[in-house]
Amino acid sequence: MLNATLRSKIDALWDKLWSGGIANPLTAIEQISYLLFMRRLDVADRKEKEDAKFVGRKYVSIFKGHEDCRWSKFRHLSGSEMLPHVQGKVFPFIKSLRDGDQAFTRYMQDAVFIIPKPSLLVEAVGIIDDIYTEIERDSQDNGQAFQDTQGDIYEHLLSEISTAGKNGQFRTPRHIIQMMCALVNPQLGNEICAPACGTGGFLLGAYQHILTEYTSPNLRQMDENGMEKGDVGDKLTDQRQWKLLREKMLYGFDFDTTMVRIGLMNLLLHGISHPNLGYMDTLSKKYDEKERYDVVLANPPFKGSIDKGDINEDLRLKTTKTELLFVNRMMNLLRIGGRCGVIVPDGVLFGSSKAHRDLRTMLIEECELQAVVSMPSGVFKPYAGVSTAVLVFVKGGQTENVWFYDMQADGYSLDDKREKVQDNDIPDIIKRWGKRDPKKDTDRKAKAFFIPAQEVRDNKYDLSINRYKEMGYVPPTYDSPRVILEKLRAQEKEIQKDLDELEGMLG
């Protein structure tokens with residue numbers, strides 16, 4: 001959680017960019033990302049140099065011959081000097097880096113630095129320095145890990161993206177990601193893929209889920225969503241385990257280079273030193289991975305469609321609807337026994353087209369469809385009001401029973417404001433998921449219940465919860481005639497009293 005000082009400084013940075021002419025939040029975040037990366041390069045290079053000196057290892061700085069491109073060098077320049085220096089030297093320098101460890105630089109070729117005013121750049125650089133000074137102070141005073149606060153700052157920046165992008169892209173709320181990770185349960189050593197990764201939220205969710213598993217219970221905390229969180233990872237006692245988690249497990253793709261850059265920065269600032277993110281339309285013919293991953297997590301674009309001639313031949317569904325094709329893609333990406341958690345619009349659950357029915361048939365007959373968690377329509381506001389569900393399935397085998405859950409609340413108001421509220425089904429979903437039993441969970445009036453796969457087949461593979469949930473009838477209760485009469489007489493007395501008072505006022 002960010003303290004009030006950090007929040008106010010981030011808000012001040014937003015205000016400066018807005019008043020300086022950068023009104024689009026996505027563009028603003030991208031420009032901030034460039035500045036953060038410039039600062040991070042300088043800090044990381046100095047640390048590498050110190051570590052090399054300590055162990056007696058030779059180290060060649062990435063700034064060799066370009067010392068004036070260090071953040072610590074140009075941050076002291078005046079505005080009239082800083083802007084042309086960053087535009088003409090620093091930005092081209094980071095775009096030209098070819099160090100394999102700097103994944104961010106691989107996707108900088110079409111990047112443009114558009115901070116227009118010298119004064120705005122000076123103010124932005126100063127605020128970022130102030131933010132990091134405050135992070136260091138907060139880490140010392142409150143024991144909050146520097147890396148976590150740095151990551152939370154970027155998450156706070158990303159929360160300002162309040163409009164859906166093209167093809168129905170929008171950020172998935174963190175608590176929904178946490179819930180999905182709890183259901184799918186990624187493990188250390190799994191290869192995990194987000195085929196429509198956006199800002200990298202699902203990969204971070206999987207990373208955090210595993211880190212919590214390897215943090216001792218006494219070192220875990222409850223976050224703002226009532227979810228247990230551990231950042232220490234004290235049970236990861238072997239450096240090879242850390243290397244595996246941070247470098248070899250997390251993979252993501254997106255067809256928007258801006259989102260790839262933002263996602264890379266998000267992962268880097270959360271301590272994932274070697275993010276495996278790439279620019280790729282995973283539905284297209286260019287993408288050829290299959291049966292590669294143990295876990296797939298995604299909230300793919302809902303409203304998109306793809307050119308029929310560019311659809312990968314490995315996708316069996318005869319459709320151009322991306323919400324259907326992505327689920328097909330996820331099935332193909334999984335190894336046998338691999339697990340998937342995916343958000344789909346409700347139409348996928350009951351759509352009557354052949355492609356809709358074919359997809360649901362594949363889920364039941366070629367996978368073990370484990371869960372359908374129906375979510376209320378306000379979960380993705382203010383981005384979209386569409387009703388959605390989470391599907392959880394395992395590649396291979398066949399479905400015997402499907403677990404349904406009727407989520408009514410997610411801990412936030414279901415209007416555009418999305419303010420924190422008490423009602424929250426997510427802890428109950430996670431608790432019941434761990435104890436689910438198809439022999440016991442048969443009450444269809446309850447929030448959670450099992451449905452036999454044969455019944456789903458008999459209903460043309462319909463997966464909408466309303467097809468199976470029974471609404472318990474609660475007969476209305478009425479007062480007896482005598483009680484009603486007594487209430488009317490009491491009201492009559494009140495009215496008469498008021499009339500007497502009015503008459504007295506008239507004299």
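According to the working numbering, numbering within the sequence shown proceeds without interruption in unit steps and concludes at 507. For every residue, glycine included, the Cβ atom is placed at its ideal position computed from N, Cα and C.
- Under a 10 Å Cβ-count criterion, Leu485 is classified as exposed, with fewer than 16 other Cβ atoms of the shown protein chains found around its own Cβ.
- Straight across, the Cα-Cα distance linking Phe54 with Lys47 is about 10 Å.
- In terms of Cα proximity to Gln178, the closest of Leu204, Ile192, Asp42 is Leu204.
- Met180 is the residue among Met180, Met330, Asn328 whose C-alpha sits nearest the C-alpha of Ile430.
- Burial is judged here by how many other beta carbons sit within 10 angstroms of a residue's own beta carbon; Pro116 has fewer than 16 and is exposed.
- Phe255 and Leu277 have their C-alpha atoms spaced approximately 11 Å apart.
- Of the residues Gly226, Ser353, Asp479, Val327, the one whose Cα lies closest to the Cα of Val421 is Gly226.
- Between Ala206 and the set Asp500, Lys9, Ala298, the nearest pair of CA atoms involves Ala298.
- Counting only residues of its own chain and dropping the five nearest sequence neighbours on each side, Arg220 has a CB closer than 8 Å to the CB of Thr212, Glu228, Lys229, Gly230.
- In the DSSP assignment, Gly278 is bridged to Phe253.
- For the 7 Å CB-CB criterion, Ala182 and Gly252 do not form a contact.
- From the listed residues Phe404, Ala453, Tyr412, the smallest Cα separation to Arg436 is found for Phe404.
- By the neighbour-count criterion, in which a residue is buried when 16 or more other Cβ atoms sit within 10 angstroms of its Cβ, Tyr293 is buried.
- In its chain, beyond the 5 residues on either side, Gly200, Pro275 have a beta carbon closer than 6 Å to the beta carbon of Leu267.
- Per the coordinates, the alpha-carbon of Glu289 lies some 47 Å from the alpha-carbon of Asp141.
- According to the DSSP assignment, Gln239 belongs to the alpha helix (DSSP H) that extends over 239-243.
- Taking Asp15 as the centre and dropping the five residues before and after it, the same chain places no C-beta closer than 7 Å to its C-beta.
- Note on the segment 286-364: whole alpha helix (DSSP H) runs with a minimum of 4 residues are 322-333, 347-350, in chain order.
- Burial of Asp441 is indicated by the presence of at least 16 other C-beta atoms within 10 angstroms of its C-beta.
- Using a Cβ-Cβ distance cut-off of 8 Å, the segment 335-348 and the segment 453-460 are not in contact, since fewer than three pairs of beta carbons, one from each stretch, lie closer than that value.
- Scanning the segment 441-476 from its first residue to its last, the whole alpha helix (DSSP H) runs of 4-plus residues come out as 453-458.
- If one requires a minimum length of 4 residues, the alpha helix (DSSP H) runs lying completely within the segment 46-96 are 71-74, 79-85, 91-96, in chain order.
- Looking at the DSSP output, Phe202 shares a beta bridge with no other residue.
- Within the same chain, Ala298, Pro300 come within 6 Å of Ala196 by CB-CB distance, once the 5 residues on both sides are set aside.
- A straight line joining the alpha-carbon of Gly347 with that of Val390 spans about 13 Å.
- Per DSSP, Cys193 is not a residue of any alpha helix (DSSP H); the beta strand (DSSP E) it occupies stretches across 192-194.
- Taking Lys243 as reference, the option from Ser273, Val379, Tyr214, Thr257 with the minimal CA-CA separation is Ser273.
- Beta-bridge partners of Glu368 (DSSP): Val394.
- Shown here, Val402 sits in a strand according to DSSP, grouped into three states.
- In this structure, DSSP gives Gln422 an extended state, which the three-state scheme calls strand.
- Under DSSP, Ser33 shares a beta bridge with no residue.
- Excluding sequence positions up to five before and after Val379, its CB lies within less than 6 Å of the CB of Asp410, all in the same chain and listed in chain order.
- A distance of 7 Å or more separates the beta carbons of Thr399 and Ala355.
- Rounded to the nearest angstrom, the Cβ distance from Leu463 to Val372 is 5 Å, consistent with a contact under 8 Å.
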